[in-house]
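If you want our numbering, it's the position in the sequence shown, counting the first as 1, plus 4. Here the structure is laid out as structure tokens; the discussion comes afterwards.
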Amino acid sequence: MSAPRPYVVMVSEVTVDGKLTLKRGASSKIIMSQMDEEADIYLHRERARSDAIMVGCNTIKIDNSYLTVRYIDGKNPIRVIPCSRGDLPLDSNVLKGDAPTIIAVSEAADKARLEQIGEMGVDVWVCGERKVDPVLLLAKLYDHGVKRLMLEGGPTLGWEMIKNRLIDEIKLIHMPFIVGGWDTPSLIGGEGVGDLNKVIHTELERHFLCGSHLITEYRVVYEQDPL
Numbered sequence: 005m006s007a008p009r010p011y012v013v014m015v016s017e018v019t020v021d022g023k024l025t026l027k028r029g030a031s032s033k034i035i036m037s038q039m040d041e042e043a044d045i046y047l048h049r050e051r052a053r054s055d056a057i058m059v060g061c062n063t064i065k066i067d068n069s070y071l072t073v074r075y076i077d078g079k080n081p082i083r084v085i086p087c088s089r090g091d092l093p094l095d096s097n098v099l100k101g102d103a104p105t106i107i108a109v110s111e112a113a114d115k116a117r118l119e120q121i122g123e124m125g126v127d128v129w130v131c132g133e134r135k136v137d138p139v140l141l142l143a144k145l146y147d148h149g150v151k152r153l154m155l156e157g158g159p160t161l162g163w164e165m166i167k168n169r170l171i172d173e174i175k176l177i178h179m180p181f182i183v184g185g186w187d188t189p190s191l192i193g194g195e196g197v198g199d200l201n202k203v204i205h206t207e208l209e210r211h212f213l214c215g216s217h218l219i220t221e222y223r224v225v226y227e228q229d230p231l
């Protein structure tokens, strides 16, 4: 049997054509700035409902997010940042101590950098040999008391999670415009399934308007072994 893990809900804004940013390397905050107040409240309510919130290291490097609850009254979730090499910039907002934070690294991470991060009051967890193992990380989070985990990007982390069957729900805030771009990041990255028989199915559970935004909420249905 697999180890117990948190219930994982992926929440993201996406354009009509499924993009997360205007172009590769651009901050998703540019697109998120076009969300109206109702959508901001929806996003922050999801954060407040969660025990922890997780985003990839590259997303933090580009967006320098805070990952705190601001648009409603609520408790900040634990911030979880998988960063295999431990090379998170030391001036990152997630290291400023306004919410409990865990940086998950591999055994290959630079020890001196990890000491610097640890001295900032941040927990550093080793969860893999060459890169962070998401299955191990989620098992450790569950043991740490995390029962509901919100996943808020980016596409590389999304793929690692979905291919290991670690996402239970996906909730999308649809932005009413198109950006295009050959390599503009989309919701899920990675190598992809590559075979129609391996696609990961979802079931629509709810859809509604939130301000000017369509919200769609899906349950993920796994019909095969991990990819």
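In this text, a Cβ means the ideal position worked out from N, Cα and C, and glycines have one as well.
Asked	Found
Cβ separation of Ala108 and Cys131, assumed to be a contact under 8 Å, to the nearest whole Å	5 Å
Beta-bridge partners of Ala56, as assigned by DSSP	Ile82 and Leu153
Distance CB(Ala112)-CB(Arg89) smaller than 8 Å	yes
Inter-residue CB distance, Ser32 and Gly157 (contact presumed, cutoff 8 Å)	7 Å
Inter-stretch contact at 8 Å, needing at least 3 Cβ pairs: the stretch 176-192 / the stretch 139-148	no
Rounded C-alpha distance that separates Lys202 from Val12	21 Å
Beta-ladder partner(s) of His48, from DSSP	DSSP, once it has assigned bridges, lists no residue as partnering His48.
For Ala103, the three-state DSSP class (helix, strand or coil)	coil
Distance between Ser37 and Asn68 (C-alpha atoms, nearest Å)	15 Å
Cβ neighbour criterion (16 or more within 10 Å) applied to Lys167	buried
Beta-bridge partners of Asp127, as assigned by DSSP	Ile106
Opposing strand residues paired with His211 [DSSP bridges]	Thr220
Meets three-Cβ-pair contact criterion under 8 Å: the stretch 181-201 and the stretch 41-55	no
Inter-residue spacing [alpha-carbon to alpha-carbon] between Trp129 and Gly162	20 Å
Anticipated Cβ contact below 8 Å, Leu155 with Met58, distance rounded	5 Å
Where Lys23 falls, given that 16 or more other Cβ within 10 Å makes a residue buried	buried
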